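Read through the structure below, which is laid out as structure tokens, and then see the notes.
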Amino acid sequence: MCGIIGAIHTKGNVASLLRQSLKRLEYRGYDSSGIATAANGILHIKKDKGKIDDIHQRLNFDTLPGNIGIGHTRWATHGSPSKANAHPHTDCLNRLAVVHNGIIENYQELRKNLMENGHQLRSETDTEVIPHLIEDALHQTSRLDQAVAQILPQLEGSYAIVVIEAHRNELVAARQESPLIIGLGNQGVYCASDVPAFLPMTRKTIVLEDDELVLLTAQGALLSRFNQSGDLSHLSLRLPTVVQWTIDMAQKGGYPHFMLKEIHEQPKALQDTLRIRKPDLMGFTEILHNHRHIITFAAGTAFHATLAAKYMFSHNANRLIHNIIASEGPDTVAASPGEDSVVLAVSQSGETIDTIHAVKHLKKQGCTVVAITNTVGSSITRLADQVLYTQAGPEIGVAATKTFATQLATLASLSVYLGTMTGALKKKEQKELLEALNQFPNIIQSVIRNQESMIKVAAQEYVTKSDFFFLGRGISTATAMEGALKIKEIAYVHAEGYPAGESKHGAIALVEPGFPVIFVAPNDSTRRHLEGNVMEMKARGARIVAICSAQDKALINLSDQVIPLPQLPSLSFSPICYVVPLQLLAYYAAILRGHNPDQPRNLAKAVTVL
Ligand code: M6R
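FYI, our numbering numbers position 130 of the sequence shown as 133, with every residue one higher than the one before it.
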């Protein structure tokens, strides 16, 4: 995934504004970045490999002249991270510059044709074909928006693009499958991959839909739809949505890293999410209820949320759901599951291509699709028949934290409503469970307040350890797997999240004296058997760390180290609370090892490649 921005600033030069916007998009990729501006009929470009601040120190982006420009921060797909492959890319005459997020799947073929026709391409990227195609189209029409529309039917794949031309005071942007949002401000117009890019300038946004193109000038936005013949048909501009995020919400708010800020934001994010309107929840639940099979698709952390949902749905609603890792989706469900199946897709970004492809695969076969996402206007929302939004606000750290909590809370609510519909829960039980769920924001607040400094100290003990097990049973398997994923992705430590009962079938062979094994051990129905697994590990000399109730004296006595947690009003939602110490442990482990938890190597916030 990459971050793109285009801006026309009516009060002076645009370069510094673009640079700061790119900083707010850096979570989308940080292999290289670049800015192009247009002034006096000339394109001015600065770009290089590396992070924005480092490039800025070397090249000083802010000296680029002009009030119109585009910028890009890259997560490499086609072509290694290098200056040549950094965006913006230009045509042969350096008159046109393009930034792109997405993948042009047929670029090899387009590239070959362009080169045979005398074009000079200078990078290994898929993107570079775009300015060259527009260069040719401008021989047929003098309008930039028409030239862009003419070439779009040739592009196969996904894209959000923004184009500038040296002599024009306009930006042309278009989208197909990749996000692009327009911002309308008092001192300029903007378009970007995500709202935080232009949040300091405006909160008025319009989400560009697939097959739409926008012409931005200092006067405003002209919206059109493009078709497969390359024609444009004018659309009236939709009313802007005023986003409620503050700039502060999209920035670090005094914390050293976004990840820590986002861990601390969990009580509020949960509270907001638990306010989902009852009619919306009921409508969504009815769809689940009316289908014989519920198939979940999700990736990474979102997959762990669906795994926890399996236990919640089974215990609270007496419904068995099928959890499928999104990238395995199309291959796992090869035969049509039929119209009595509903796909429940869970994705923070709503842009994870594995999830989108799996959903499309089953939608084609006639399945109903419902989605839980944190991102309004994201691709998944356009595929779904019904959507529930988590209310986590922007999550900038690559590691998902508050969005996991809000996905769990949404799935937990659904399990309770479904339980009432299936008859598994009586009205009174439903009420008690919902009341219990509503206590979680305060419980988490107290866990963060009381345990953070202890976990920070505990993390020091494990600085030299290179392997960990995270074990749990039942619903805590999901928590354990999430704990392992967190420490792997940001602290670069090898960790395995495993069902504790399964560990004796192989993984235990790795255990030797001092090997850290973290048990996620709420006092639920699995607790008795878990003790046996603790004893097995202990007998091999493992160092036992228990995350358990402060009342669980037996386990506390067996453990070398304990992170005590409060009694929970309902154990069927335990991951919401039990994951918090694991997030903090991963965060402090990353810090102690000298890594930036917000931007782990090789990762991006939304993974838009298959
Ligand atoms: O946006 P999504 O929820 O679809 O993202 C899915 C995964 O890519 C994501 O959860 C990833 O595993 C995170 N980096 C985990 O912290």
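Cβ coordinates follow ideal geometry from the N, Cα and C atoms, glycine included. It should be emphasised that the depicted structure is a prediction, and the values quoted were computed from it without experimental measurement.
query, result
"Enclosing alpha helix (DSSP H) for Leu-417 [first to last residue]", "405–425"
"Rounded C-alpha distance that separates Val-102 from Ile-133", "9 angstroms"
"Selected residue, minimal CA-CA separation from Ser-83, among His-75, Ser-35, Pro-567 and Ile-73", "Ser-35"
"Residue nearest to Ser-196 in terms of C-alpha spacing, selected from Leu-323, Leu-25 and Leu-187", "Leu-25"
"Proximity to Leu-62 [Cα-Cα], best of Gly-53, Pro-203 and Gly-69", "Gly-53"
"Cβ pair Ala-320, Gly-422 closer than 9 angstroms", "yes"
"Extent of the continuous alpha helix (DSSP H) to which Val-151 belongs", "147–154"
"Ala-39 and Gly-15 closer than 9 angstroms at C-beta", "no"
"Residues near Trp-78 in its chain [Cβ-Cβ closer than 8 angstroms; skip 5 each side]", "Met-4, Cys-5, Arg-31, Gly-32, Tyr-33, Asp-34 and Ala-607"
"Distance cut-off 8 angstroms: Val-175 Cβ against heavy atoms of ligand 2", "Among the ligands in the structure shown, ligand 2 does not appear; only ligand 1 can be found there."
"Buried versus exposed, by CB contacts within 10 Å (16 or more), Lys-431", "exposed"
"Integer Cβ distance of Thr-299 from Leu-263, believed to fall under 8 angstroms", "30 angstroms between Cβ atoms; not a contact."
"Residues of its chain near Ala-89, where Cβ-Cβ distance is below 7 angstroms and the 5 sequence neighbours each way are ignored", "Ser-35, Ser-36, Gly-37, Lys-50, Asp-51, Lys-52 and Arg-77"
"In DSSP terms, what Arg-228 is bridged to", "Glu-215 and Ser-236"
"Host beta strand (DSSP E) of Phe-644 (start-end)", "Since the first residue shown for the chain is 4 and the last is 613, residue 644 is missing from the structure and cannot be characterised."
"Bridge partners - Arg-546, DSSP secondary structure assignment", "Pro-519"
"Of the listed residues Ile-399, Gly-535 and Leu-238, nearest to Leu-226 (C-alpha basis)", "Leu-238"
"Contacting residues, own chain, Cβ-Cβ under 8 angstroms from Val-373 (five flanking each side not counted)", "Phe-287, Ile-290, Leu-291, Val-345, Val-346, Leu-347, Ala-348, Ala-387, Asp-388, Gln-389, Val-390 and Leu-391"
"Short CB-CB distance (under 9 angstroms) between Asn-377 and chain B", "Absence of chain B from the displayed structure is noted, only one protein chain being present."
"Expected contact under 8 angstroms - CB spacing of Pro-584 and Ile-550 to nearest Å", "5 angstroms"
"The beta strand (DSSP E) enclosing Gln-179, as first and last residue numbers", "174–179"
"Other residues of its chain near His-307: CB distance less than 6 angstroms, five sequence neighbours each side excluded", "Ala-481, Met-484 and Glu-485"
"Check whether Ser-449 and Asp-527 have beta carbons under 9 angstroms apart", "no"
"Span of the beta strand (DSSP E) around Asp-563", "Counting along the chain, Asp-563 falls outside any beta strand (DSSP E), and DSSP gives it neither H nor E."
"Those residues which DSSP pairs with Asn-326 across a bridge", "Thr-299"
"According to DSSP, residues forming a beta bridge with Pro-340", "For Pro-340, which the question treats as bridged, DSSP gives no partner whatsoever."
"Three-state class that DSSP yields for Thr-376 in the structure shown", "strand"
"Residue environment, Thr-13, which counts as buried when at least 16 other CB atoms sit within 10 Å", "exposed"
"Exposed unless 16 or more other CB atoms sit within 10 angstroms - verdict on Asn-189", "exposed"
"Simplified DSSP state of Val-17, which is helix, strand or coil", "coil"
"Test item: CB-CB of Gln-179 and Gly-191 under 9 angstroms", "no"
"Any non-hydrogen atom of ligand 1 within 8 angstroms of Glu-492 CB", "yes"
"Contact test: Ala-305 Cβ vs ligand 1 heavy atom, cutoff 8 angstroms", "yes"
"Any non-hydrogen atom of ligand 1 within 8 angstroms of Ala-402 CB", "yes"
"Endpoints, alpha helix (DSSP H) assigned at Asp-139", "132–140"
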